[in-house]
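Undergrad:
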Amino acid sequence: MDQKLTKPYDPTTTEGRIYETWEKSGYFQPEADRPWADNPKTNPNFGKTFTIIMPPPNANGHLHAGHALFITMEDIMTRYKRMQGYKALWVPGADHAGFETQIVYEKKLEKEGRSRFGMEAKDLYDEIYAFTMEHKKYMEAEVRAVGASCDWSREKFTLDKDVIEKTQTTFKKMYDDGLVYRGKRIINWCTKHQTSLSDVETEFKEKKEPFYYFKYGPFTIGTSRPETKFGDKYVVMHPADTRYQEYTHGQQIDLEWINGPITATVIKDEAIDMEFGTGVMTITPWHDAVDFDIAQRHNLDKEPIIDFKGRLLPIAGEFAGLKIAEARPKIVEKLQAKGLLEKIDENYLHNVKVCYKCETTIEPQIKEQWFVKMKPLAAKAIEAVNENKIKFIPDNYRKIFLYWMENTLDWNISRQIVWGISIPAKICDACSDGTPDLDNTITTCKTCGGEMRADTDTFDTWFSSGQWPQLVLGYPEGKDFETYHPTDVMETGHDLIFKWVPRMVIFGLYLTGQIPFHTVYMHGLVNDAQGKKMSKSKGNVVNPIEIASKYGMDALRMGLVIGNPPGSDSALAENKIKGYKNFANKVWNISRFILESTEGINFDGNFSAFTPADQSLKQELADLLVDITSDMDNYRFHLAAEKLYHYTWHRLADEIIEDSKNILKGEDVVAKNSRAQFLHFALRQVLKSLHPFMPFLTEELWGIINPGGSLLIIEPWPHL
RNA sequence: GGGCGGUUAGCUCAGUUGGUAGAGCGCAACAUUGACGUUGUUGAUGUCACAAGUUCGAAUCUUGUACCGCCCACCA
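Just so we're aligned: 526 in my numbering is position 526 of the first sequence, and the numbers increase by one with no gaps anywhere.
Shown next, in the form of structure tokens:
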């Protein structure tokens with residue numbers, strides 16, 4: 001008997017070695033030679049491809065439990081399809097993660113007593129680049145540690161030269177097609193990070209703030225933001241509001257305001273909620289999205305009140321230069337002194353838009369930015385989903401996706417950060433026009449003849465990530481693009497249902513006329529043992545690499561899969577993983593027993609002289625495998641794994657092997673031989689079908705029971 | 001304000017098309033020195049949130065209620 005089988009299974013000495021064997025074998029590449037699979041007579045899926053593009057993990061740090069989950073899921077799908085004879089391609093990647101990485105790096109700078117605002121853009125970029133490249137290595141090593149059978153020869157980084165160039169080309173193409181425009185529109189501004197943000201990069205936070213009622217001429221207006229009211233010269237009410245019938249649209253009223261007398265204009269607009277406050281409000285189009293829309297509709301003046309650092313501008317008179325928080329009480333005090341404060345509601349609860357990273361209150365600003373016109377693009381995406389060209393797992397994400405698509409507004413793709421793909425455009429400071437300029441040839445403004453400078457902004461990271469399936473496969477030309485696009489499955493977290501998935505659908509359809517993937521598989525959050533969200537502040541973060549070093553990666557993978565249906569969040573308990581470590585050892589010992597107790601009997605793949613008892617055992621196993629195959633085909637990996645676990649331990653080991661002890665020790669040579677053949681057969685089926693879930697253990701055992709044979713990774717999936 | 005998901009054993013959760021309720025961990029008792037103690041055998045614990053309905057039959061389908069969680073949203 002083989003020496004290797006005498007000890008308990010030790011994942012720590014096995015996993016690295018096995019992964020190296022796989023990587024060297026070339027079987028992660030779909031082109032690798034596989035005799036049975038390359039023959040249409042032995043491979044029912046001959047010539048078919050199966051493709052997954054890996055959501056590129058952030059290159060700025062280490063893997064977390066969520067990464068381990070998605071790598072496991074995608075690896076299961078890839079290994080399963082590979083064993084079924086498909087040319088299975090899984091392309092790994094690394095994400096520069098623009099804004100996110102820049103924030104990580106800014107924190108590092110802060111610790112060192114430095115700040116990005118004093119640095120040359122180029123120097124900052126180079127520093128972050130070096131930082132990212134260093135961390136990228138750890139990330140990749142950890143992806144390997146999870147067992148990812150992805151094709152490293154095709155790995156892409158989101159700042160690879162061709163990725164940058166193609167992203168910039170898309171920008172130009174969209175501009176030429178009228179789908180990208182430079183607009184002076186209201187945007188989300190983070191005063192801490194000094195950049196604009198898209199709508200999906202902001203969150204709402206419930207805050208209790210005072211709500212003030214001020215006398216504004218004959219009206220009483222309600223506001224939670226008195227500090228923006230300096231420039232307010234439009235007073236708005238609903239056209240159907242009978243309380244204000246006597247006032248007409250466009251009517252001018254002289255009144256006393258914060259810094260003296262002003263002339264206000266009455267505006268009637270249906271955006272006003274008659275039930276809210278007094279039904280009358282003044283507007284600040286420069287610093288509020290609703291107000292901006294009203295001003296657009298009626299062609300009203302817009303004036304900035306607050307600068308990009310969050311301080312009041314000279315229009316605020318004596319308050320100029322003050323930060324919002326300092327200015328607010330002083331302004332209220334002054335209005336009160338002038339007798340214009342009517343009352344204060346101290347318990348006003350409302351949602352305030354904040355930066356999703358630092359929770360700083362968003363100060364909306366009007367700014368020249370590049371925008372993607374979403375309506376026509378979204379229409380095509382909606383059509384594709386309605387025609388069932390894209391399937392969602394679980395299905396309810398389809399509705400969520402469609403709702404978002406139907407309601408999405410134009411997308412601001414300009415970011416005032418250096419860490420990203422630069423926007424290849426020239427900007428005219430005189431008339432603020434902008435023109436894409438891929439070749440850096442434009443110097444004068446076509447609108448006003450003014451001098452043009454290079455745009456210093458970078459793309460929103462989702463602008464390039466949205467094109468990821470095409471970029472990775474070498475669009476617009478190349479064999480990979482022809483062979484593997486559209487891809488099969490996009491497996492990603494449900495938190496990316498808006499940030500990423502819709503952009504990919506849009507870009508896929510726009511660039512190639514094809515959907516980028518047939519199926520979207522959403523996984524949930526990996527929570528702690530109590531089902532609570534993992535967070536550094538709670539101290540309940542589970543490091544997958546650490547856990548795996550204790551129990552084995554196969555055990556962690558099983559722990560992540562079993563009991564975790566698509567779309568729902570899961571709880572990761574250490575005890576659960578320990579249980580699967582025990583299972584790995586069980587499989588190890590089953591193999592030991594079968595080899596030991598059948599010494600001298602060679603497995604015969606064509607053996608048919610089974611006793612009726614063994615024939616029925618074989619049928620039982622065949623039925624199970626049919627069932628499991630159906631689970632695999634329908635993305636019920638959690639069920640497939642659990643059934644295999646149960647069969648292997650509680651049927652094969654606890655019952656069949658126990659019964660076999662007497663048979664194998666007995667005198668009935670026919671029965672003995674038949675059972676030995678069945679046990680070998682069952683072991684092989686179990687190892688094969690467990691392989692997508694527990695690749696290291698099963699590959700190791702396969703090598704031991706089948707010395708000199710081919711690797712398990714390319715064995716055919718059991719079909720009986 | 002709108003939408004989605006959940007509510008099943010002490011804990012974490014499965015339960016694919018409706019057919020006498022499951023897993024892991026935990027718990028109790030027992031067993032066992034050669035496949036494995038990272039073990040085995042046996043067992044206890046559930047009006048499947050609540051109410052009504054459809055059905056021969058509902059954890060599963062329908063409607064409503066309650067609570068929990070998540071997401072979306074231009075509530076001045």
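Glycine is no exception: its CB is placed at the ideal position from the N, C-alpha and C atoms.
1. Three Cβ pairs or more, each shorter than 8 Å: is that satisfied between the segment 573 to 586 and the segment 628 to 640?
2. Given this structure, state the Cα-to-Cα distance separating D301 from R182, to the nearest angstrom.
3. Secondary structure at T518, three-state DSSP: helix, strand or coil?
4. Apply the 10 Å Cβ neighbour rule to L409 and answer buried if 16 or more other Cβ atoms are within range, or exposed otherwise.
5. What number of angstroms, rounded off, separates the C-alpha of L335 from the C-alpha of T282?
6. Since T191 contacts F117 with CB under 8 Å, what's their CB separation in whole angstroms?
7. With a Cβ-Cβ cutoff of 8 Å, do F459 and W411 count as a contact?
8. What residue does the beta strand (DSSP E) around W774 start on, and which one ends it?
9. Which term fits E134, buried or exposed, when burial requires 16 or more other beta carbons within 10 angstroms of its beta carbon?
10. Using a Cβ-Cβ cutoff of less than 7 Å, which residues in the same chain neighbour I427 once the five nearest sequence positions on both sides are dropped?
11. Relative to the alpha-carbon of Q514, which residue among T101, I390 and P57 has its alpha-carbon at the smallest distance?
12. Please name the residue or residues paired with E209 in a DSSP beta bridge.
13. So the candidates are C431, C355 and I714; which of them puts its Cα closest to the Cα of N188?
14. Opposite G222 in the DSSP bridges: which residues?
15. Would you mind listing the alpha helix (DSSP H) stretches within the segment 605 to 634 that are 4+ residues and don't spill past its ends, in chain order?
16. Would you check if there are 3 or more beta carbon pairs closer than 8 Å linking the segment 21 to 29 to the segment 139 to 155?
17. Which residue wins for smallest C-alpha separation from M405, given the options A378, C431 and S422?
18. What does H523 pair with, by DSSP beta-bridge criteria?
19. Based on the DSSP secondary-structure assignment, which residues constitute the bridge partners of S414?
20. Could you round the C-beta distance between K269 and I294 to whole angstroms and report it? I think they count as a contact, below 8 Å.
21. Does the beta-carbon of Q677 have 16 or more other beta-carbons within 10 angstroms, so that it is buried, or is it exposed?
22. Tell me which same chain residues have a C-beta within less than 6 Å of the C-beta of P692, skipping the five on either side of it?
23. In chain order, what residues of the same chain lie with their CB nearer than 7 Å to the CB of I315, ignoring the 5 residues before and after it?
24. Could you give the distance in angstroms between the alpha-carbon of K338 and the alpha-carbon of C358?
25. Would Q168 be called buried (16 or more neighbouring beta carbons within 10 Å of its own) or exposed?
26. According to the Cβ coordinates, are L697 and V561 closer than 8 Å?
27. Leaving out five residues on either side along the sequence, give the residues of the same chain with a beta carbon under 6 Å from the beta carbon of K207.
28. Buried or exposed: which applies to A65, given that a residue is buried once 16 or more other Cβ atoms fall within 10 Å of its Cβ?
29. According to the neighbour-count rule (16 or more other Cβ atoms, all chains shown, within 10 Å of its Cβ), is H287 buried or exposed?
30. When the distance is taken between beta carbons, is P30 closer than 8 Å to K87?
31. Would you check if the distance between the CB atom of S732 and the CB atom of D457 is smaller than 8 Å?
32. Would you tell me roughly how many angstroms separate the C-alpha atoms of M1 and N706, rounded to the nearest one?
33. Are there three or more Cβ pairs, one per stretch, closer than 8 Å when the segment 121 to 140 is compared with the segment 94 to 110?
34. Which same chain residues end up closer than 8 Å to G279 when comparing Cβ atoms and leaving out the 5 residues on each side of it in sequence?
35. Whole angstroms are fine: how far does the CA of Y234 sit from the CA of I52?
36. Whose CA, out of Y484, K499 and I331, lies closest to the CA of H518?
TA: Result, derived from the coordinates:
1. no
2. 20 Å
3. Correcting the residue type first, residue 518 is His in the shown sequence and not Thr. H518: strand per DSSP, three-state reduction.
4. exposed
5. 15 Å
6. 12 Å between Cβ atoms; not a contact.
7. no
8. There is simply no residue 774 to check, as the chain begins at 1 and stops at 720 in what is shown.
9. So E134 counts as exposed.
10. G434, M452, R453 and D455
11. I390
12. DSSP output for E209 lists Y348 as bridge partner(s).
13. A check of alpha carbon separations from N188 across C431, C355 and I714 identifies C355 as the nearest.
14. Y213
15. 612 to 633
16. Yes, they touch.
17. Sorting A378, C431 and S422 by C-alpha distance to the C-alpha of M405 places A378 at the top.
18. The beta-bridge partner set that DSSP reports for H523 consists of G493.
19. F459
20. Before going on, a small fix: residue 269 reads as Asp here, not Lys. Indeed, because the Cβ distance is near 5 Å, the residues count as touching under 8 Å.
21. buried
22. I76, R79 and Y80, listed in sequence order.
23. Once the five neighbours on either side are set aside, the close Cβ partners of I315 are F230, G231, E303 and I305.
24. 37 Å
25. buried
26. no
27. Result list for K207: V352, in chain order.
28. buried
29. buried
30. yes
31. In this structure the chain extends from 1 to 720, so residue 732 is not present and cannot be described.
32. In this predicted model, M1 has a pLDDT of only 43, less than 50, meaning its place in the structure is not dependable enough to derive any value.
33. Remark: three or more beta-carbon pairs, one from each stretch, lie closer than 8 Å, so the segment 121 to 140 and the segment 94 to 110 are flagged as touching.
34. M237, H238, D241, R243, Y244, I272 and D273
35. 54 Å
36. Y484
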